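Participant: With our numbering as the guide, the letters of the sequence shown map in order to residues 67 to 138. Just so it is clear, CB atoms sit at the ideal spot from N, CA and C, and this is done for glycine as well. Note that this is a predicted model, so its numbers are computed, not measured. Below is one structure. I have some questions about it.
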Amino acid sequence: MIKIIKNNEINKNTRYKIYATRCNSCNGTDNTNVLEIRADNSNAGTIISICDKCLQELKKKIEDLEEENERD
Numbered sequence: 067m068i069k070i071i072k073n074n075e076i077n078k079n080t081r082y083k084i085y086a087t088r089c090n091s092c093n094g095t096d097n098t099n100v101l102e103i104r105a106d107n108s109n110a111g112t113i114i115s116i117c118d119k120c121l122q123e124l125k126k127k128i129e130d131l132e133e134e135n136e137r138d
């Protein structure tokens, strides 16, 4: 399961408030979102704080990787 909690939804869910202070990529404090990755029906997982700019950069890198994998 991959879940993105946008910065405007974080205040609605106290579980993610402590994660949304700084971006783990650029250390910025503006528009920080929470990316949660965990297996279905699992309590363990990874939580990443990521700003809008870095989220777009991650999207681009994933798209580039998909294109590269399609060529192989």
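What residue range is occupied by the uninterrupted alpha helix (DSSP H) comprising I99?
Facilitator: A small correction: the amino acid at residue 99 is Asn; Ile does not occupy that position in the sequence shown. It is not in any alpha helix (DSSP H) - N99 instead sits in the beta strand (DSSP E) that spans T98 to R104.
Participant: For C89, count neighbouring Cβ atoms within 10 angstroms of its own Cβ and tell me buried if that reaches 16, exposed if not.
Facilitator: So C89 ends up on the buried side.
Participant: Helix, strand or coil, according to DSSP, for C120 in the structure here?
Facilitator: In this structure, C120 counts as helix in the three-state DSSP scheme.
Participant: For A110, I'd like the list of residues in its chain whose CB is within less than 7 angstroms of its CB, leaving aside the five on either flank, ordered along the chain.
Facilitator: Cβ neighbours of A110 beyond the five flanking positions: R104.
Participant: Between E102 and I113, is the Cβ-Cβ spacing less than 8 angstroms?
Facilitator: It is a contact, given that the beta carbons lie within the stated cut-off.
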